[in-house]
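In this note's numbering, the protein residues as written are 635 to 811.
C-beta: ideal position from N, C-alpha, C; glycine also.
So the structure is just underneath, and the comments pick up after that.
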Amino acid sequence: MTLRTADDGFSLIDMIFVCGMIGILATIAVPRLLTAKNSASAASAIATMRTISTAQLSYAISCGNGFYAPDLPSLAKPPVASNTGFVPRDLGSAVTVAKSGYNITMEGLPVAGAPDTCNALGVDNAARAYRAGADPMDPVIGRYFSTNALSVIYEDTASLYAAMPESAPPAAGHPVK
């Protein structure tokens, strides 16, 4: 049998010191971690706006006879004799999609006289222009993005989507560089 001495293990003071150091390090790290998460979410929203712009341009040139898709599900609908739409299925699963902490929405006003498209939207359903927006689910993020038929992505500290024209620069916001 061995005898225990006073030098074995940790004392209460040692444990309090270690817990205090962990608390100080966490206080420094957590705000930076949240900033990195918000930056990643904003980068994802910008990439989604670029994806929508590129997909709409491809759609208008190759499928829409010069017209745009009126919403995300129409943009995700594959052309006849194809399995792939112009945007990924997850992005075109609904009119408004939650992605990376943002609500992504796109719409275009259908035009009377618009021809049928290669993905069979039907006559009078394609749009002459469109607008798309990415509004954060958590307003603390404070970065809102939007784009339209001009294919320029705009940013502001308030929602741009509601007032975004389909084919002109918005009254507020500035282009993302």
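{"query": "Exposure of residue 782, with buried meaning 16 or more beta-carbon neighbours within 10 Å", "result": "buried"}
{"query": "Span separating the alpha-carbon of residue 815 from that of residue 674", "result": "There is no way to answer for residue 815, as the model of the chain reaches only from 635 to 811."}
{"query": "The ligand ZN heavy atom lying under 7 angstroms from the CB of residue 757", "result": "This structure lacks the ligand ZN, and indeed carries no ligand of any kind."}
{"query": "Residue 657 - containing beta strand (DSSP E), residue span", "result": "Segment 646 to 696 is the alpha helix (DSSP H) holding residue 657; no beta strand (DSSP E) there."}
{"query": "Spatially closest choice to residue 723 from 750, 699, 757, 685, by CA coordinates", "result": "685"}
{"query": "Helix, strand or coil at residue 708 [DSSP, three-state]", "result": "helix"}
{"query": "Reference residue 786; option with closest CA among 776, 777, 808", "result": "808"}
{"query": "Buried versus exposed call for residue 732 [16 or more other C-beta atoms within 10 Å across all chains shown]", "result": "exposed"}
{"query": "Collapsed DSSP secondary structure at residue 764 in the structure displayed", "result": "coil"}
{"query": "Inter-residue Cα distance where the pair is residue 805 and residue 743", "result": "20 angstroms"}
{"query": "Entirely enclosed beta strand (DSSP E) segments - the region 730 to 801, minimum 3 residues", "result": "730 to 733, 736 to 741, 765 to 770, 778 to 782, 788 to 790"}
{"query": "Helix, strand or coil at residue 713 [DSSP, three-state]", "result": "coil"}
{"query": "Bridge partner(s) assigned by DSSP for residue 809", "result": "788"}
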